[in-house]
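Residue numbers (the working numbering): 597 to 1073. Backbone N, C-alpha and C define an ideal beta-carbon position, used for all residues, glycine too.
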């Protein structure tokens, strides 16, 4: 029996396609989370299980159309496709039901935002962030493909990012399920900018269709633009079918060549020329990423040959960063870049040589210069406190700090103040506000000025900054 409240809710739903019902079965609807061409998604409470869920419905206008059965079939297909795939990076489907003629899907409520929102806010992500997101998307698709599910509509709007940095793939509404009677020919479905050539051609699709879409996603995360631009459907289709992806330089972005080769492989016109599986794509992405991280470690930690050609010192292992420091870094970084902060802290803490190095690595993900410098000042204070040294100055995000390091912990007694200042000034352009702290810290272990110079150079990546550092000090690098 339907209660008067249920009847009222259903009347409102039927008379106004965009009205929110109050209840659907055992689910109490609290607020609308989003609305699309197919239907709406609500935050609801499963009163039987006492938990929050996301409840997806079909617009009543579609249910009243002559294509009603097609929409119902698509809705059920979404529920079945997602329900096949239990994976941390896929939104979990709990239930499929019908209440007074209104079908609904009950699924995991994700406390986060679509990657599309992040792109809108920031334009594009850093390389590290883009690789982190896409790596999780590919892990989700590898699981889906294992169960015979091809998503066919991977795009930023269907990739959710939780507040802890976990990716959740959603919206399997046009997914293809492997069945005995499905031909896979003659159906063009998807979002045009992310569709593969075979989708436009109506040719058979398989897992490599999703590979292409993820290639488009990765390109967009890296550059903020589409690899195959166009204002109209025909323009987009022609570009995807006939042209190469546009050079990221056209968008004012430099993508590392090795990473661009990974992207280009995923975007090949012929499915046979792409990665054969999501796992193969992910392995290629991670294989590219790992050496970059290793190179970064060496650039930061290996002492370059000195003027006399002395051999380089061995690489030091990553430091054990105290949990309280990691939590502080995560909290502050989250306020600046959002939910990816936790992922980056976990990743960089495994590589950092010390607390200062951790903050320097994390600062690279902060776009705003003033925020980045404030974050580094905070790192200087945290590092000093962890080492039991005097506070080098205020370092909260709203405060000011000592940029040149002329106050704070004292250097070793042998270091002449004039030399200390000269070293700090030379190091400042390369490492920012951490310069003074690094000079003071390294001087306590150095055997003399030449050794101190080499120790400081460890904190500057190979390249122009390191050459400038040596040149400023009158040393031939």
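Requested in this report: Under the assumption that residue 764 contacts residue 809 (Cβ atoms under 8 Å), give the Cβ distance between them as a whole number of angstroms.
Outcome: The pair is not a contact, with the Cβ atoms about 17 Å apart (cut-off 8 Å).
Report task. Report the rounded CA-to-CA distance for residue 730 versus residue 954, giving the unit in angstroms. Result -> 23 Å
Report task. Could you round the C-beta distance between residue 745 and residue 804 to whole angstroms and report it? I think they count as a contact, below 8 Å. Result -> Residue 745 to residue 804, Cβ: 14 Å. No contact.
Report task. List the endpoints of the continuous alpha helix (DSSP H) containing residue 701. Result -> Note, residue 701: premise wrong, no alpha helix (DSSP H); beta strand (DSSP E) at 698 to 704.
Query - Opposing strand residues paired with residue 648 [DSSP bridges] - result: 641
Query raised in the report: Cβ atoms of residue 720 and residue 817: under 8 Å apart, would you say?
Result: yes
Query raised in the report: Distance, Cα to Cα, residue 684 vs residue 736?
Result: 8 Å
Query raised in the report: Any contact of the region 638 to 654 with the region 710 to 725, i.e. 3+ C-beta pairs under 8 Å?
Result: no
**Report entry** Residue from 666, 674 and 665 with nearest C-alpha to residue 652
**Finding:** 674
Requested in this report: Give the DSSP-derived three-state secondary structure of residue 631 in the structure shown.
Outcome: strand
Query raised in the report: Opposite residue 695 in the DSSP bridges: which residues?
Result: 698
Report task. Mark residue 776 as exposed unless 16 or more other C-beta atoms lie within 10 angstroms of its C-beta, in which case mark it buried. Result -> For residue 776, the pLDDT reaches just 28, beneath the cut-off of 50, and the residue's location in the model is therefore unreliable, although a value from the coordinates is still provided. So residue 776 counts as exposed.
Report task. With a 10 Å radius around its C-beta and 16 neighbouring C-beta atoms as the bar for buried, classify residue 778 as buried or exposed. Result -> Confidence in residue 778 is poor, its pLDDT being 31 and thus under 50, which makes the residue's placement unreliable; the coordinate value appears in the next sentence. That one is exposed.
Report task. Leaving out five residues on either side along the sequence, give the residues of the same chain with a beta carbon under 7 Å from the beta carbon of residue 621. Result -> 693 and 695
Query raised in the report: Which of the three DSSP states, helix, strand or coil, is assigned to residue 809?
Result: helix
Query - Distance, residue 977 Cα to residue 927 Cα - result: 16 Å
Query raised in the report: Starting from residue 708 and walking both ways along the beta strand (DSSP E), at which residues does that stretch end?
Result: 708 to 710
**Report entry** residue 748 (DSSP reduced to helix, strand or coil)
**Finding:** coil
Query raised in the report: How would you write the range of the beta strand (DSSP E) that residue 941 sits in, first residue to last?
Result: First-last for residue 941: 936 to 945, but that is the alpha helix (DSSP H), not the beta strand (DSSP E).
Query - In DSSP terms, what residue 636 is bridged to - result: 631 and 653
Query raised in the report: What is the DSSP secondary structure of residue 801, counted as helix, strand or coil?
Result: coil
Report task. Label residue 866 either buried or exposed according to how many other C-beta atoms from any shown protein chain fall within 10 Å of its C-beta, with 16 as the threshold for buried. Result -> exposed
Report task. Please state whether DSSP places residue 758 in a helix, a strand or coil. Result -> strand
Requested in this report: Measure the C-alpha to C-alpha separation of residue 1050 and residue 725 and round it to an integer number of angstroms.
Outcome: 32 Å
Requested in this report: Report the three-state DSSP secondary structure of residue 824 (helix, strand or coil).
Outcome: coil
Requested in this report: Can you say whether residue 1037 is buried or exposed, counting buried as having 16 or more other CB atoms within 10 angstroms of its CB?
Outcome: buried
Query raised in the report: Can you tell me the Cα-Cα spacing of residue 699 and residue 758, whole angstroms?
Result: 27 Å
Requested in this report: Would you please state the rounded distance, in angstroms, between the beta carbons of residue 881 and residue 858? I believe it to be under 8 Å.
Outcome: 6 Å
Query raised in the report: Between residue 1024 and residue 1052, which are expected to be in contact by the criterion C-beta below 8 Å, what is the C-beta distance as a whole number of angstroms?
Result: With 8 Å as the limit, residue 1024 and residue 1052 do not qualify as a contact, their Cβ atoms being about 11 Å apart.
**Report entry** residue 973 to residue 656 span [Cα, whole Å]
**Finding:** 55 Å
Query - Contacting residues, own chain, Cβ-Cβ under 6 Å from residue 704 (five flanking each side not counted) - result: 687 and 688
Query raised in the report: Within the present structure, is the beta-carbon of residue 796 separated from the nearest heavy atom of the ligand HEM by less than 7 Å?
Result: The ligand HEM is not among the ligands present in this structure, which contains no ligands whatsoever.
Query raised in the report: Can you name, in chain order, every residue of its own chain whose Cβ lies under 8 Å from the Cβ of residue 863, other than the five neighbours on each side?
Result: 808, 811, 812, 815, 823, 841 and 870
Query raised in the report: Roughly how many angstroms lie between the CA atoms of residue 922 and residue 1039, to the nearest whole one?
Result: 26 Å
Report task. Give every residue of the same chain whose Cβ lies closer than 7 Å to the Cβ of residue 1059, excluding the five residues on either side of it in the sequence, and list them in chain order. Result -> none
Query raised in the report: When the Cα of residue 676 is compared with those of 664, 626, 1066 and 690, which residue comes out closest?
Result: 690
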